[in-house]
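Line order of the protein sequences matches chains A and B.
For the first sequence, counting from 1, position 381 maps to 436 in the working numbering; every step adds exactly one.
For the second sequence, counting from 1, position 37 maps to 49 in the working numbering; every step adds exactly one.
Glycine residues also receive a C-beta, built at the ideal position from the N, C-alpha and C atoms.
Just so it is clear, the structure is predicted and the values come from calculations on it, not from any experiment.
Scroll down for the structure; my scribbles are underneath it.
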Amino acid sequence: MTEASLAEESFLTDDLLRQLINVGEVDILVGVPTHNDAKTIGPIVETIQAGILGFFPRARAAIINVDGGSRDGTRELIVGAGIDDAKSTSKVRTLRTLHSISTQYATTPARGTALRTILAAAELLRAKACAVVSPESTQITTEWLTSLLRPAYIEDFDLVLPTYRRHRFDGILLSNLLYPMTRALYGLRIREPYALDFAFSGRLGSQFLAENVWHDEAAQAGSETQFTLTAIAGGYRICQSFLGSKDQIERRSVDLVPAMRQTVGALFASLEPKVSLWSTTNGSLPISTTGPEQEFTLEPLRVNRKRLRDMFLTGVTELESVFQSILSPSTLAELQRIARLEETGFCYSAELWVKTVYEFAAAYHKSVISRDHIIQAMAPLFRGRAFTFLTENRTASAANVEDDIEALCLEFERMKPYLREIWNGRE
Amino acid sequence: MWEMIVSELTQAMQELARGFAHLLPRIIVVVIMAFVGWVVAYLLKVFLRSILRLIKFDTLSENAGASQLLTKAALPSATDLLCRFVFWVAWLGFILLGVRVLGIAGLEEQIAKFFLFLPRLFVALLILFLGLLGATFLSRAVLLAAVNANFPSPRLLSVSIRSIVIIFVLSMAFEEVGVAEETMLVAFGIAFGATMLGLAIAFGTGGKDLARQFLEKRLVRGTSKDEGKEDDLSPL
């Protein structure tokens, strides 16, 4: 009877519902969204199992794999991953059964649907805390589990976001746009607003699940960013946990435009419903962080900076008609001016970058052209900013890189009144 | 004799007076219809203008690229143009309805034709507007994709797409109003065929090295290894 009514109300498959009913209730749930990750998923699942057995032996726990139609045997690897090896290596004897569930939510991957499935499963299993682990996190250690889950399970935090040890040039979109803009808008210094490894409380999961974002294509694409922003807007308790190294090799395949859709698109889309919140927030505050906020590695890296600048120049020249609809004449003229500079003298200053970003956000709000086109048009300009960031920090120390990012954050905060000004009016 | 002339003149005058008496109310009806028509057309214009302003029709037209075309042709804004069009069509409709009352032979048929033509004209204008909207959207999408993929000559690609769509839309619009139907179809066929043939020849001869590079990159693994290594920066 319960099963029948659940099947009627839920978007979950009958098979998944049956598996969830067999599990009953859990304290901890770990979700692993996958799509053709057979190469990496085996060790990751084993580490998750060892982490749960090692750090939460008394908790009722389950691992759920949500798959977007893998054809390389990913699901079979997860289902077949026994916990006997993990038990033998773990020094603590487990007192509970560790369940493993796997489901295929679609034949093509969709991040939003994957997250939604994990949230629904967490709600049905009445999980007190739930962690999501990316199948690309090949450097995961058992400590990641405790770093992510402990604050949500024991310390009553609602959202636990990661911080990593990264190469100083890795994650430029995060350091030059997502982190500073989220910080300036919502007043919280969250280093990774777009997180693929994170944990949350049952109440936050239920709140986000109930939000009407699942039928909006743009929101689905940036569901992880939306999740963080929902927690901020809802006043939930948020903290950060340092996880360790996040090798950039794991995210190499991410192209700029899809990455911008998932993150910048979601951030811009959040401005409209949360206007009363961000327009009244001033300054920013640090949030509770376990471990360092950010660590940079400095090993040499071959970067094709010339290509970045060339693509910026092409963008400014070819997209002039598009920029005329989005940017103010003064900003466009300034961009055209720096595009004419020699490579050695080229500088996309922090002030101009912030002005550009805010004008794009306002144009997105006003839908001056298709919103997806606005995000796409921003990509060449971001390349110009990335060129300047790379050039300025070519020989910089970790502290200097951090100072540079901090200065950009303060510029975003300083120029926030400009965003308020152009939000309703048109320059 | 004199009496006969007077009688004929009187009769003619009476017939003229009868004819005038017969026509005068009809002329009054035409004038009234024209006046009522003007009032209705004016109200329609005001109503339409408020609706178009409410739905930001000018912005839509700007996005469609129609506003730029209108500016180049020294025409008023899209909202203004559409309002004027509706005003004149409505007023002319009322005047023609009034003229119909006059009972002038042959005129009724022409008026009927005019009213039958109106829906087709409206559909043609709609096709043209939506076509321009589609052409602008598609050309912009191609331009952005080409710029972000670092394709050579992105603007040429974008303009080509826009031109093909506009030619296609124009031929559809002309076919709808029935103006030079066959000429337009043949012209479209020739233009489209010539463009495709030109592109095929251009790609076949001028782009053979590019095609080889592309195929090598796609099919022969390892060729572009060193080139890709420089772009390992992850944005996230």
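I'd like to know if the region 426-441 of chain A and the region 467-476 of chain A are in contact, where contact means that at least 3 CB-CB pairs between them fall below 8 Å. no
I'd like to confirm the pairing. Which residues does DSSP put opposite T345(A) in its beta bridges? S296(A)
DSSP state of H270(A) mapped onto helix, strand, coil: coil
is_contact[P435(A), chain B] using C-beta, thresh 8 Å: Under the 8 Å criterion on CB atoms, P435(A) is classed as interfacial with respect to chain B.
Just mark W408(A) as buried or exposed, buried being the case when its beta carbon has 16 or more other beta carbons within 10 Å. Burial call: buried.
Which residues bound the beta strand (DSSP E) around A184(A)? 184-187
Applying the criterion that 16 or more other CB atoms from any shown protein chain within 10 Å of the CB defines a buried residue, is G400(A) buried or exposed? exposed
Taking C-beta pairs closer than 7 Å, name the residues in chain B that E354(A) reaches, listed in chain order. Simply none; closest approach about 12 Å.
Hey, how far is the Cα of F351(A) from the Cα of A175(A)? 36 Å
Min CB distance R307(A) to chain B below 8 Å: Reliability fails at R307(A), whose pLDDT of 48 lies under 50, so the model's placement of it is uncertain and no value is given.
CA-to-CA distance, G106(A) to D92(A), given in whole angstroms: 20 Å
One question on the structure: do G128(A) and Y219(A) come within less than 8 Å of each other, judged by their Cβ atoms? no
Which of the residues in the region 215-234 of chain A, read from start to end, lie with their CB under 7 Å from any CB of chain B? F224, D225, G226, I227, L228, L229
Over what stretch of residues does the beta strand (DSSP E) that includes L216(A) continue unbroken? Taken as a continuous stretch (DSSP letters only), the beta strand (DSSP E) holding L216(A) covers 214-222.
Count the other CB atoms, across all protein chains shown, that sit within 10 Å of the CB of A441(A); report buried if there are 16 or more and exposed otherwise. buried
Report the rounded CA-to-CA distance for P328(A) versus F282(A), giving the unit in angstroms. 14 Å
Reducing DSSP to helix, strand and coil, say where D122(A) ends up. strand
Can you find at least 3 beta carbon pairs, one from the region 53-71 of chain B and one from the region 82-97 of chain B, that sit closer than 8 Å? yes
Determine the closest residue to H420(A) out of W478(A), E266(A), A314(A), A388(A), with distance taken between C-alpha atoms. W478(A)
To which residues of the same chain is T197(A) closer than 8 Å at the C-beta, ignoring the five residues directly before and after it? Taking C-beta separations shorter than 8 Å and ignoring five residues to either side along the sequence, the partners of T197(A) in its chain run T102, A105, G106, G109, F110, following chain order.
Leaving out five residues on either side along the sequence, give the residues of the same chain with a beta carbon under 7 Å from the beta carbon of P37(B). Same-chain partners within the cutoff: there are none.
List, in chain order, every chain A residue whose beta-carbon is nearer than 7 Å to that of F149(B). S425
Validate contact between the region 232-244 of chain A and the region 331-344 of chain A using beta carbons, cut 8 Å, 3 pairs: With the cut-off at 8 Å, the region 232-244 of chain A and the region 331-344 of chain A touch.
Which same chain residues end up closer than 8 Å to V78(A) when comparing Cβ atoms and leaving out the 5 residues on each side of it in sequence? A117, H154, I156, L180
Beta carbon proximity, T369(A) to chain B, threshold 8 Å: yes
For R171(A), count the other beta carbons within 10 Å of its own beta carbon; 16 or more makes it buried, fewer makes it exposed. Which is it? buried
DSSP-derived helix/strand/coil call for L140(B): helix
What is the rounded straight-line gap between the Cα of I202(B) and the Cα of L155(B)? 26 Å
Please list, in chain order, all residues of the same chain as G260(A) whose beta carbon is under 7 Å from its beta carbon, the five residues on each side excluded. L174, A177, E178, C185
Along the chain, where does the alpha helix (DSSP H) that runs through S172(B) open and close? 166-189
Straight-line Cα distance separating T372(A) from I424(A): Cα to Cα, I424(A) sits roughly 19 Å from T372(A).
Can you list, in chain order, the residues of its chain whose CB lies under 7 Å from that of L322(A), leaving out five sequence neighbours each side? L233, M236, T237, T280
Could you tell me the boundaries of the beta strand (DSSP E) in which V85(A) lies? It spans 83-89 - the beta strand (DSSP E) in which V85(A) sits, taken as one unbroken run.
Output yes if chain B places a C-beta closer than 8 Å to the C-beta of Q379(A); else output no. no
Would you please state the rounded distance, in angstroms, between the beta carbons of V42(B) and G110(B)? I believe it to be under 8 Å. By a beta-carbon distance limit of 8 Å, V42(B) contacts G110(B). Their separation comes to about 4 Å.
Can you list, in chain order, the residues of its chain with a C-beta nearer than 8 Å to that of T386(A)? Leave out the 5 residues immediately preceding and following it. If we look at T386(A) and ignore the five residues flanking it on each side, its Cβ neighbours are L407, K410, T411, E414.
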